[in-house]
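Protein chains: 2
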Amino acid sequence: MKDIKDVTKLSRRTRPSPPSAHDVARLAGVSQAAVSRAFTPGASIAKATRERVMIAADELNYRPNLLARSLIRGVSDLVGIVIGNTRNPFFFVALEQLSARLSRAGKHILVFTAEGGENADVQVEDLLRYRVDALLLMSANISEELAKRCRRDDIPLIFFNRRPRWDLDFASVTGANANGSAQIAHHLLEQGYRRPAYLGGPLDSPTNNERYDAFVGVLRGEGMDEPPRVNGHFERAPAMEAARTLLRLDPRPDAIFCASDFLAIATIEVARYEFGLDIGRDIGIVGFDDIAEASWRSFDLTSYSQPVVPMIEAVMNLVSGGDDQDMAAQIIVDGSLQKRGSTRRG
Amino acid sequence: MKDIKDVTKLSRRTRPSPPSAHDVARLAGVSQAAVSRAFTPGASIAKATRERVMIAADELNYRPNLLARSLIRGVSDLVGIVIGNTRNPFFFVALEQLSARLSRAGKHILVFTAEGGENADVQVEDLLRYRVDALLLMSANISEELAKRCRRDDIPLIFFNRRPRWDLDFASVTGANANGSAQIAHHLLEQGYRRPAYLGGPLDSPTNNERYDAFVGVLRGEGMDEPPRVNGHFERAPAMEAARTLLRLDPRPDAIFCASDFLAIATIEVARYEFGLDIGRDIGIVGFDDIAEASWRSFDLTSYSQPVVPMIEAVMNLVSGGDDQDMAAQIIVDGSLQKRGSTRRG
DNA sequence: GTGAAAGCGCTAACAT
DNA sequence: ATGTTAGCGCTTTCAC
Chain A
-15 MKDIKDVTKL
-5 SRRTRPSPPS
5 AHDVARLAGV
15 SQAAVSRAFT
25 PGASIAKATR
35 ERVMIAADEL
45 NYRPNLLARS
55 LIRGVSDLVG
65 IVIGNTRNPF
75 FFVALEQLSA
85 RLSRAGKHIL
95 VFTAEGGENA
105 DVQVEDLLRY
115 RVDALLLMSA
125 NISEELAKRC
135 RRDDIPLIFF
145 NRRPRWDLDF
155 ASVTGANANG
165 SAQIAHHLLE
175 QGYRRPAYLG
185 GPLDSPTNNE
195 RYDAFVGVLR
205 GEGMDEPPRV
215 NGHFERAPAM
225 EAARTLLRLD
235 PRPDAIFCAS
245 DFLAIATIEV
255 ARYEFGLDIG
265 RDIGIVGFDD
275 IAEASWRSFD
285 LTSYSQPVVP
295 MIEAVMNLVS
305 GGDDQDMAAQ
315 IIVDGSLQKR
325 GSTRRG
Chain B
-15 MKDIKDVTKL
-5 SRRTRPSPPS
5 AHDVARLAGV
15 SQAAVSRAFT
25 PGASIAKATR
35 ERVMIAADEL
45 NYRPNLLARS
55 LIRGVSDLVG
65 IVIGNTRNPF
75 FFVALEQLSA
85 RLSRAGKHIL
95 VFTAEGGENA
105 DVQVEDLLRY
115 RVDALLLMSA
125 NISEELAKRC
135 RRDDIPLIFF
145 NRRPRWDLDF
155 ASVTGANANG
165 SAQIAHHLLE
175 QGYRRPAYLG
185 GPLDSPTNNE
195 RYDAFVGVLR
205 GEGMDEPPRV
215 NGHFERAPAM
225 EAARTLLRLD
235 PRPDAIFCAS
245 DFLAIATIEV
255 ARYEFGLDIG
265 RDIGIVGFDD
275 IAEASWRSFD
285 LTSYSQPVVP
295 MIEAVMNLVS
305 GGDDQDMAAQ
315 IIVDGSLQKR
325 GSTRRG
């Protein structure tokens, strides 16, 4: 920046520019287009030519520049992902699956993480500049205005494990929040719990609200009152505080439905170590997601599963579905209730 | 693909092409170059012109195409990351930090996950095609050959939390494996444990071996024998099996140093729930990383911390250090021993 | 300060 | 099957 009197044409980089298709073409004695074809799977090129190209390419350590290809094709093969809650293991598993599936489809992931709850507009704007083929929001928020701009630009916006907060028809892939929560309510009642409480995430989280509403729906159907409820963040410290609040109630709830396993685990620890409660017998605790930790002996947590593989499969369909794909599909993937020790009274 | 008789110039995409700088220029009544300048921070452009451009850009919902910019500049502002072990929360914390720091530096993350232990060559090859500015391997392996090609292409390869398996001088950022493990050994001895064992990762993991060697070094210095040792994977199920093997030994070890917290937590559960041992009193257990879970009440695990923030800071220096940066720097970031209940005898 | 023009590395017509 | 040509959307000289 200070001295641009550099002699080379690359004033800012001392790094040598990598070999281009032209270099390979010259070395192989073919046209540059032939090099392009050699690297394009279905292209019409003679075996012998391709071979010569490949040898030359190998010698030069040539790799086609995907940036240039994307520029021409108008498609980047890049999928943008914004992860809102990196503390929840559920999202790692999802990211891993997605990475595997996308790379098989020749697509790549441009990832961002956004601090919990914060608006990810800035990150998303950045992503859009890369002309991503699709944008996946994992538990992250963007403004309604930006969402509308994506719609206007025809950039598929996919909500994962969360629906948009506004009433627009964007695609979403979620677990069976309503069904799962209803099953959980029934299970708690069957096990003889009579004073269930709810420990949830933010009140403006649609996922949270869907779970709560279905839960309450069942209780109401059984003639019960609305359960005590504490809402807050999807994070650990606030969750522990919320658990304390619930456990100090008089009469104390005899069961707590937590809106995610991550919250439920925090609740188990508070109940067990701070209140000396016997999990299952003294208090039933249920989570949602069925993350790996739920089945660990330390927690043995009853949970409604969100099957990552089918959920990712649904995402894949949306991403590579092409133009005639319904970009407003609301996909709900069923899970199943995993009954474990945390809701066993006997 | 079936019918290319499309009238438009875009035969494969029905998605309308986004507005280009040209479109904006026409609307604003300026040259296309002016548009470019309007979006380039330090460029020489009149305030009034920039404003007119911005208004037009806004109207069209224009965003500069970073792909095109990268093509010209020969630098993509993309950093490739391969995560080898997605089950270990340590890497997610690192990813989150990195994402935050990089996006402040105007760079973006192209991420891949590689199944544990597998060779990530394929993923890396892909990454290179995007002309990434640097490549970060988080606990992932690539072949020596590919590493050499990166060197040849002048693509900075950075090993995070692991050194290369071969004797080449690539940059690495690691925790204080030797120092930390030595501290752990001393701590165990101080606490009165006399028959420590080692539960480690793969034998070809340099990280694993550094930790083991330093651990044994201290024990030897105290005149003790080489401890019983089981090596395997950095995963849960094999770790549990390894823990069983160690705990069935006669005489049973009275302490186990696990090469990571993730392994240590699995070991705690086996010891507590399968062998009925009182953690701390009957058996001391130590981990490495000091992940968030280590301080959970359920585990209360003594661990040597790997401070993510300084480690990421070191990575940032390597990534944006530019050309005169030492691309073979071996950076070791000190942590500190967090003594907790899992090694408290009394 | 601004526009015209060249070209980054590649793909996709269009010829042959 | 292959080469030639024309750009993709932008940045960057180079004149003015």
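Chains as they are written, first to last, in the numbering used here: chain A, -15 to 330; chain B, -15 to 330.
Backbone N, C-alpha and C define an ideal beta-carbon position, used for all residues, glycine too.
So, do the region 76 to 93 of chain A and the region 33 to 42 of chain A have three or more beta carbon pairs nearer to each other than 8 angstroms?
no
Pairing CB atoms from the region 185 to 197 of chain B with CB atoms from the region 148 to 166 of chain B, are three or more of them under 8 angstroms?
yes
Could you name the residues of chain B that residue 70/A contacts, counting a contact when the two beta carbons are closer than 8 angstroms?
Taking the first sequence and counting its residues from 1, the one referred to as residue 70/A is at position 86. Near residue 70/A (Cβ distances below 8 angstroms), the residues of chain B are 76, 77, 79 and 80.
Is residue 31/B buried or exposed, if buried means 16 or more other CB atoms sit within 10 Å of its CB?
The residue labelled residue 31/B in the question sits at position 47 within the second sequence. Exposed, since its Cβ has fewer than 16 Cβ neighbours within 10 Å.
Closer than 8 angstroms is the cut-off here; do at least three beta carbon pairs connect the region 196 to 203 of chain A with the region 161 to 170 of chain A?
yes
Environment of residue 277/A [buried if 16+ CB atoms lie within 10 Å]
In the first sequence, counting from the first residue as 1, residue 277/A sits at position 293. Result: buried.
Who are the neighbours of residue 115/B on chain A, taking C-beta pairs under 9 angstroms?
Here the question's residue 115/B lines up with position 131 in the second sequence. Here the neighbours are 2, 47, 49, 50 and 51.
Take every Cβ of the region 293 to 308 of chain B, pair it with every Cβ of the region 223 to 242 of chain B, and state whether three or more of those distances are shorter than 8 angstroms.
no
Is it right to say residue 287/A is buried, meaning 16 or more other beta carbons lie within 10 angstroms of its own, or is it exposed?
Here the question's residue 287/A lines up with position 303 in the first sequence. Answer is buried; the Cβ neighbour count reaches 16.
Within its chain, find whatever has a CB closer than 6 angstroms to the CB of residue 218/A; leave out the 5 residues flanking it on each side and keep chain order.
As a working mapping, residue 218/A is identified with position 234 in the first sequence. So the list reads 69 and 185, once near-sequence residues are dropped.
Check whether the Cβ of residue 119/A lies closer than 7 angstroms to any Cβ atom in chain B.
Taking the first sequence and counting its residues from 1, the one referred to as residue 119/A is at position 135. Closer than 7 angstroms: no.
Separation of residue 282/B from residue 176/B, as counted between CA atoms:
Locating residue 176/B in the second sequence gives position 192, where the first residue counts as 1. Locating residue 282/B in the second sequence gives position 298, where the first residue counts as 1. Approximately 23 angstroms, taken between the alpha carbons.
Residue 6/A (DSSP reduced to helix, strand or coil)
Start at 1 with the first residue of the first sequence, and residue 6/A comes out as number 22. Residue 6/A falls in the helix class under three-state DSSP.
Evaluate contact between the region 110 to 117 of chain A and the region 47 to 65 of chain B, counting only Cβ atoms and requiring at least three cross-stretch pairs below 8 angstroms.
yes
Please list the partners that residue 253/B has in chain A, where partner means a Cβ-to-Cβ separation under 9 angstroms.
Here residue 253/B refers to the residue found at position 269 when the second sequence is read from its first residue. Correct list: 280, 281 and 282.
Say the cut is 6 angstroms; is the CB of residue 159/A nearer than that to a heavy atom of the ligand GTP?
The model depicted lacks the ligand GTP and carries no ligand whatsoever.
Take residue 322/A as the anchor and find which of 280/A, 67/A and 261/A has the nearest alpha-carbon.
Counting from one through the first sequence, the residue named residue 322/A turns up at place 338. For residue 322/A, the nearest C-alpha among the options comes from 280/A.
Can you tell me whether residue 293/A is buried or exposed? The criterion is at least 16 other CB atoms within 10 Å of its CB, across all chains shown.
Residue mapping note: residue 293/A aligns to position 309 of the first sequence, counting from 1. Exposed.
Contacts around residue -4/B, its chain only, beta-carbon distance under 6 angstroms, and the 5 residues preceding and following it disregarded
Here the question's residue -4/B lines up with position 12 in the second sequence. Reliability of the predicted coordinates at residue -4/B is poor, the pLDDT of 37 falling under 50, and the value obtained from them is presented with this limitation in mind. Hits under 6 angstroms: none found.
Express the C-alpha separation of residue 94/B and residue 247/B in angstroms, rounding to a whole number.
On the second sequence, residue 247/B is found 263 positions in, with the first residue counted as 1. On the second sequence, residue 94/B is found 110 positions in, with the first residue counted as 1. Between residue 247/B and residue 94/B, the C-alpha separation is close to 28 angstroms.
Would the region 143 to 150 of chain A count as touching the region 118 to 128 of chain A if we require 3 or more Cβ pairs under 8 angstroms?
yes
For residue 188/A, which of helix, strand or coil comes out of DSSP?
For the purposes of this step, residue 188/A is identified with residue 204 of the first sequence, where counting begins at 1. Coil at residue 188/A, not helix or strand.
Nearest by alpha-carbon distance to residue 62/A: which of 162/A, 33/A, 87/A and 92/A is it?
In the first sequence, the residue the question calls residue 62/A occupies position 78. Of the listed residues, the one whose Cα sits closest to residue 62/A is 92/A.
What residues of chain A sit near residue 136/B, judged by a beta carbon separation below 8 angstroms?
Working through the second sequence from its first residue, we reach residue 136/B at position 152. Within chain A, the residues near residue 136/B are 45.
Rounding to the nearest angstrom, what Cα-Cα distance links residue 311/B and residue 141/B in this structure?
In the second sequence, the residue the question calls residue 311/B occupies position 327. In the second sequence, the residue the question calls residue 141/B occupies position 157. Rounded to whole angstroms, residue 311/B to residue 141/B spans 8 angstroms at the Cα level.
Using 7 angstroms as the limit for Cβ to Cβ distance, is residue 93/B near chain A?
In the second sequence, counting from the first residue as 1, residue 93/B sits at position 109. Taking Cβ atoms only, chain A reaches closer than 7 angstroms to residue 93/B, which makes this a yes.
Could you check if residue 109/B is buried or exposed, using at least 16 other CB atoms within 10 Å of its CB as the buried criterion?
Mapped onto the second sequence, residue 109/B falls at position 125. It counts as exposed.
Secondary structure of residue 92/A, DSSP reduced to three states
The residue given as residue 92/A occupies position 108 in the first sequence. If DSSP states are grouped into helix, strand and coil, residue 92/A belongs with the strands.
For chain A, is any of its Cβ atoms less than 7 angstroms away from the one on residue 304/B?
As a first step, residue 304/B must be located in the second sequence, where it is residue number 320. Not closer than 7 angstroms to any Cβ of chain A, the Cβ of residue 304/B fails to qualify, so no.
Do we get a CB-CB distance below 7 angstroms when we pair residue 130/B with the residues of chain A?
Against the second sequence, residue 130/B aligns to sequence position 146. Answer no: the Cβ-Cβ gap between residue 130/B and chain A never drops below 7 angstroms.
Got a sec? Which residues, its chain only, sit under 6 angstroms from residue 19/A by beta carbon, not counting five neighbours each side?
Here residue 19/A is taken as the residue at index 35 of the first sequence, counted from 1. Excluding residues within five positions, the ones whose Cβ falls inside 6 angstroms are 5, 8, 9 and 37.
Collapsed DSSP secondary structure at residue 234/B in the structure displayed:
In the second sequence, residue 234/B corresponds to position 250, counting from 1. Coil at residue 234/B, not helix or strand.
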